[in-house]
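Colleague:
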């Protein structure tokens, strides 16, 4: 898991109180409450009380809509990496190669279905996606990720042993950012990842 | 009845003109349509056919017709000269001469009258006739008299009735008369045929009309229900007595035959019957008659004939007059035969000349020669026959094509040879199919022809003779009119068939030869296509294997590679680290080979854009030097920068192909320099890129397999051997070709040829 470095991290916070939201947005709590009550900031009240709660996605939307810098929410240097491959030895290899790097937090999936579930919860910064999966192919996974607004900034690198130029073009059209052929040089893979993530 | 008759006759004549032989049935119907004998004759025949007839009835019947009675009595008196002068009534005649004689006299008179009547009505006397009706009757009466006289000799008196012999003799050529009455024109033709070809009338009638005179006569006799003996005489007279069937009246037939033969030898016949005097002797002997007796009968014959003719109402001219007339007639016939012979001889001479010309033509013609050789032969043959110094030929191998105009001197020298569009208002030579030898001026061809071959003089009187073969006109001969004594136009036309056949044979031979060549070419293409197909199949199989291998092998290779990389980071010993690195390298090379194989097999997609070949070459040389690590000089020979500044290829792929070729050349054993030469062939605008090294060259085995995947002539294990195979794929995807051979001086030479290299959207740059 990534490190906190003693600072308050909003990275994994999913629901915010009005006070937390005010702190993130660097405005007064009253302003947040006003916006909440007027409907400009969507949220819910805790059942059985009047406490206001704001979901993370809505807060990010609000901040972007009002041009408030949102990097504070993602302020952590640690990049979440989702590895999707049906070959356990490849997963193990990549975990060993990337997971050891402190800049990355790694989770893995061995099917397209698992990958879909994990992208929702894990919200990866980058997905290393094998093209040939047992249930659905990489291009479909790629398309699903791109369809999710919450994952708009996620980067996708297709990793495959059998992809021809036509398929690479197709994957690019469906939202893949890069393609890397198996077998690969680990240092090159990491370089590509860091380039894409501006790390 | 006569109207009906003339109508039927015209219908028969039309049949005759339609076919050389008339149908026997039609003629027989025609004969059956002739008028029957008069009612008196029929009644006499009916009454006398019954054994229990009453003479009174017959006498009374004849008595009802006074003119008939008079003729019958006159005839009777003639036959019984001397002792019958007092025969004045019919019943007296019956008493004196017997009923049979009177009956025969009635029939003679009736038949004669009937046929005379029809004959006179049907003939136009102004037309000169080969068949002389008057002469016919004279002949018939003469035969009748002779037969009667023969029957009256002591040797035959008991066996043959004189009056029956007279009647049989009178009617023996009934068929000839019947044909004359029913079919005058065909009979005339048959007479002419018999005269010119010296054959008998029977033969001529069978040939021209389709039925002989005896059959026609027999048919008419049956139609008139004449007595059987008479019918048989009509049918069988003229035959050798030994060959006659065993009939009761064989002697009568022989007597009439002998009488006919006697009259033919010494008297006048209406037409030459082909029955000659040589029959007289055997007939005489068979009948047991002596020559003096026969001679005596002959001597008495003219007088007897005159008397009988008078009795029948036909005047006979004086002997001398008759003789003169016969001489004149014979002279006329002789003249006709002479004319015919002269024209036949003339024709034979021309035909002999034609055959000689055909022989000469065939001697000079060589089978299997070219079309030009055949035309030359024809032209020289034409010159020889017409006496011309030169001739010309129009030739059109197929309808719709252009015309070839060729002129030849009489020694076969080709004076002109032009290919041109057909003259105005003409399209195909087959238009001349319906025409024969015609003057060029009449066809409006002379000026056009003279313009087509200005150096060959064409006189205004030149003619065009189409050469027909079947329904086709492939060529036409242009020639001066035949000189005096040379072949005439009809013979030239006959010869034209031979010439046409020779030209047609040459054209067909030429076509067959060309077909053979095309077939060989098609076979070569087929063989190449089959090789191509086999290669494509092999590639497809490789592709399938490689695709499977790529998936199944790249994952383990990834693990090996990745683990060895991780291992290397943990090893402190540099040599150990190198080992791990080598593992990594090897896995990557193996993976690249699999990828290369797969790319080789899968369809290549080109992205053609405008590219500068010079720049592509720079890139390729740089890549190649980097790739193979050889630092040999690479010399470029380009036509001009501008000429190749805009080629329409997939730049990346094409540069890859060039890289492979240059790399291959750089790695050649013993090479010290690589030359890249670019040329544009001005003839076909083909772009050629050659990559040559100055090494030791390749073995035959290496040349044969240079483009096979994984083949490498270099020491094993150094290179995957995919470079040239890949270059070939790229060049062929561009529609070009690539070949490799050893250069004449040293080293290997790879040549790329591209036809479609210009940008179709841009203007062509001229070097």
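Protein chains in written order, with our numbering: chain X, 946 to 1144; chain S, 294 to 1060.
For every residue, glycine included, the Cβ atom is placed at its ideal position computed from N, Cα and C.
(1) Within 8 Å, do at least three Cβ pairs link the region 709 to 718 of chain S to the region 728 to 745 of chain S?
(2) Any beta carbon from chain S within less than 9 Å of residue 1029 (chain X)'s own beta carbon?
(3) With burial defined as no fewer than 16 other Cβ atoms inside 10 Å of the residue's Cβ, what is the status of residue 573 (chain S): buried or exposed?
(4) I'd like to know if residue 1083 (chain X) contacts chain S, where contact means its C-beta is closer than 9 Å to some C-beta of that chain.
(5) On a CA-only basis, which of S:711, S:361 and S:514 is nearest residue 325 (chain S)? Give me that one, please.
(6) Just to confirm the assignment, what range does the alpha helix (DSSP H) spanning residue 1054 (chain X) have?
(7) So if I threshold CB-CB distances at 9 Å, which residues from the region 852 to 868 of chain S count as touching chain X?
(8) Which value, in whole angstroms, describes the spacing of the CA atoms of residue 711 (chain S) and residue 663 (chain S)?
(9) Residue 548 (chain S) and residue 519 (chain S) look like a contact to me (Cβ under 8 Å); what is the Cβ gap, rounded to whole Å?
(10) Once the 5 residues before and after residue 962 (chain X) are set aside, which same chain residues still bring their CB inside 6 Å of it?
(11) Taking C-beta pairs closer than 8 Å, name the residues in chain S that residue 1038 (chain X) reaches, listed in chain order.
(12) Taking only runs of the alpha helix (DSSP H) that begin and end inside the region 502 to 580 of chain S, which ones reach a length of at least 4 residues, in chain order?
(13) So is residue 880 (chain S) in contact with chain X if we call contact Cβ pairs under 9 Å?
(14) From residue 707 (chain S) to residue 687 (chain S), what does the alpha carbon distance come to, in whole angstroms?
(15) Using the C-alpha atoms, what's the distance from residue 897 (chain S) back to residue 924 (chain S)?
(16) Please name the residue, chosen from S:1036, S:355 and S:888, that lies closest to residue 967 (chain S) on a Cα-to-Cα basis.
(17) Report yes or no: is there a C-beta of chain X within less than 9 Å of the C-beta of residue 1010 (chain S)?
(18) For residue 822 (chain S), count the other beta carbons within 10 Å of its own beta carbon; 16 or more makes it buried, fewer makes it exposed. Which is it?
(19) Which residue spans inside the region 980 to 1015 of chain X form an unbroken beta strand (DSSP E) run of at least 3?
(20) Please name the residue or residues paired with residue 969 (chain S) in a DSSP beta bridge.
(21) Quick check on the DSSP output: the alpha helix (DSSP H) that includes residue 867 (chain S) runs from which residue to which?
(22) May I ask you to report which of helix, strand or coil DSSP gives residue 710 (chain S)?
(23) Under 8 Å by Cβ, that's how I've got residue 404 (chain S) and residue 330 (chain S) pegged, so tell me the actual separation to the nearest angstrom.
(24) Can residue 526 (chain S) and residue 555 (chain S) be called in contact, C-beta distance under 9 Å?
(25) When you compare the CB positions of residue 472 (chain S) and residue 506 (chain S), do they come within less than 9 Å of one another, or not?
(26) Looking only at its own chain, which residues have a Cβ that is under 7 Å from the Cβ of residue 1063 (chain X), when we skip the five neighbours before and after it?
(27) Give the list of continuous alpha helix (DSSP H) stretches no shorter than 4 residues that lie fully inside the region 426 to 500 of chain S.
(28) Take the Cβ of residue 647 (chain S) as the centre, count every other Cβ of all protein chains shown within 10 Å, and call the residue buried at 16 or more, exposed below.
(29) Any idea which residues DSSP pairs residue 1046 (chain S) with across the strands?
(30) Find out if the Cβ-Cβ distance for the pair residue 939 (chain S), residue 1051 (chain S) is shorter than 9 Å.
(31) Using three-state DSSP, classify residue 336 (chain S) as helix, strand or coil.
(32) Using 9 Å as the threshold, is the C-beta distance between residue 858 (chain S) and residue 1042 (chain X) below it?
(33) Looking at the unbroken alpha helix (DSSP H) that takes in residue 947 (chain S), where does it start and where does it end?
(34) Nearest-angstrom Cα distance between residue 948 (chain S) and residue 908 (chain S)?
(35) Sorted by chain position, which residues of the same chain lie with C-beta nearer than 8 Å to residue 682 (chain S)'s C-beta, five sequence neighbours on each side aside?
(36) Return helix, strand or coil for residue 809 (chain S), following the three-state DSSP convention.
Modeller: Short version:
(1) yes
(2) Taking the first residue of the first chain as position 1, residue 1029 (chain X) is located at position 84. It does not: the Cβ of residue 1029 (chain X) has no partner Cβ on chain S nearer than 9 Å.
(3) Numbered from its first residue, the second chain carries residue 573 (chain S) at position 280. Counting Cβ neighbours within 10 Å, residue 573 (chain S) comes out buried, since at least 16 surround it.
(4) For the purposes of this step, residue 1083 (chain X) is identified with residue 138 of the first chain, where counting begins at 1. Judged by the 9 Å Cβ criterion, residue 1083 (chain X) is not in contact with chain S.
(5) By 1-based counting over the second chain, the position of residue 325 (chain S) is 32. Looking at the Cα atoms, S:514 is the closest of the given residues.
(6) Start at 1 with the first residue of the first chain, and residue 1054 (chain X) comes out as number 109. No alpha helix (DSSP H) holds residue 1054 (chain X); the beta strand (DSSP E) holding it covers 1049 to 1054.
(7) 852, 853, 854, 855, 856, 858, 859 and 862
(8) Residue numbering aside, residue 711 (chain S) sits at position 418 when the second chain is read from its first letter. Residue numbering aside, residue 663 (chain S) sits at position 370 when the second chain is read from its first letter. Straight-line Cα distance between these residues: approximately 17 Å.
(9) Sequence index remark: in the second chain, residue 548 (chain S) carries index 255 (1-based). Sequence index remark: in the second chain, residue 519 (chain S) carries index 226 (1-based). Not a contact, Cβ separation roughly 17 Å.
(10) Indexing the first chain from 1 puts residue 962 (chain X) at position 17. Cβ within range, chain order: n/a, list empty.
(11) Looking up residue 1038 (chain X) in the first chain gives position 93. Residues of chain S passing the Cβ test: 851, 852, 855, 856 and 859.
(12) 506 to 516, 521 to 529, 543 to 559 and 573 to 580
(13) Residue mapping note: residue 880 (chain S) aligns to position 587 of the second chain, counting from 1. Closer than 9 Å: yes.
(14) Here residue 707 (chain S) corresponds to residue number 414 of the second chain, with the count starting at 1. Here residue 687 (chain S) corresponds to residue number 394 of the second chain, with the count starting at 1. Roughly 13 Å separates the two Cα atoms.
(15) Here the question's residue 924 (chain S) lines up with position 631 in the second chain. Here the question's residue 897 (chain S) lines up with position 604 in the second chain. Cα to Cα, the separation comes out at about 32 Å.
(16) On the second chain, position 674 is the one that residue 967 (chain S) refers to. Residue S:1036 is the option with its Cα nearest to residue 967 (chain S).
(17) The residue given as residue 1010 (chain S) occupies position 717 in the second chain. Residue confidence is low: residue 1010 (chain S) scores 45 on pLDDT, short of 50, so the model does not pin down where it sits. Its coordinate-derived value is still stated next. No, its Cβ sits nowhere closer than 9 Å to a Cβ of chain X.
(18) Within the second chain, the letter at position 529 stands for residue 822 (chain S). Looking at its Cβ environment, which holds fewer than 16 other Cβ atoms inside 10 Å, residue 822 (chain S) is exposed.
(19) 997 to 1000
(20) For the purposes of this step, residue 969 (chain S) is taken as the residue at position 676 of the second chain. Looking at the DSSP assignment, residue 969 (chain S) forms a beta bridge with S:929 and S:984.
(21) In the second chain, residue 867 (chain S) corresponds to position 574, counting from 1. Per DSSP, residue 867 (chain S) belongs to the alpha helix (DSSP H) from 867 to 894.
(22) Stepping through the second chain from its first residue, residue 710 (chain S) is reached at position 417. Strand at residue 710 (chain S).
(23) Here residue 404 (chain S) corresponds to residue number 111 of the second chain, with the count starting at 1. Here residue 330 (chain S) corresponds to residue number 37 of the second chain, with the count starting at 1. Residue 404 (chain S) to residue 330 (chain S), Cβ: 7 Å. Contact.
(24) Against the second chain, residue 526 (chain S) aligns to sequence position 233. Against the second chain, residue 555 (chain S) aligns to sequence position 262. Result no, Cβ atoms of residue 526 (chain S) and residue 555 (chain S) do not sit closer than 9 Å.
(25) Counted from its first residue, the second chain places residue 472 (chain S) at position 179. Counted from its first residue, the second chain places residue 506 (chain S) at position 213. A contact, by the Cβ cut-off of 9 Å.
(26) Position 118 of the first chain holds residue 1063 (chain X). Correct list, in chain order: 1027, 1052 and 1054.
(27) 426 to 444, 455 to 464, 467 to 475 and 477 to 490
(28) To locate residue 647 (chain S), count along the second chain from 1; it is residue 354. Residue 647 (chain S) comes out buried.
(29) Counting from 1 along the second chain, the entry for residue 1046 (chain S) is found at position 753. Per DSSP, S:981 and S:1030.
(30) Taking the first residue of the second chain as position 1, residue 939 (chain S) is located at position 646. Taking the first residue of the second chain as position 1, residue 1051 (chain S) is located at position 758. Yes; because the gap between Cβ atoms is below 9 Å, this pair is in contact.
(31) The count along the second chain starts at 1 and reaches residue 336 (chain S) at position 43. Helix.
(32) On the second chain, position 565 is the one that residue 858 (chain S) refers to. On the first chain, position 97 is the one that residue 1042 (chain X) refers to. Yes, Cβ-Cβ distance for residue 858 (chain S) and residue 1042 (chain X) is below 9 Å.
(33) To locate residue 947 (chain S), count along the second chain from 1; it is residue 654. First-last of the alpha helix (DSSP H) with residue 947 (chain S): 944 to 959.
(34) On the second chain, residue 948 (chain S) is found 655 positions in, with the first residue counted as 1. On the second chain, residue 908 (chain S) is found 615 positions in, with the first residue counted as 1. Each residue's Cα considered, the two are about 9 Å apart.
(35) Within the second chain, the letter at position 389 stands for residue 682 (chain S). 676, 702 and 703, listed in sequence order.
(36) In the second chain, the residue the question calls residue 809 (chain S) occupies position 516. Looking at residue 809 (chain S) - three-state DSSP - the assignment turns out to be helix.
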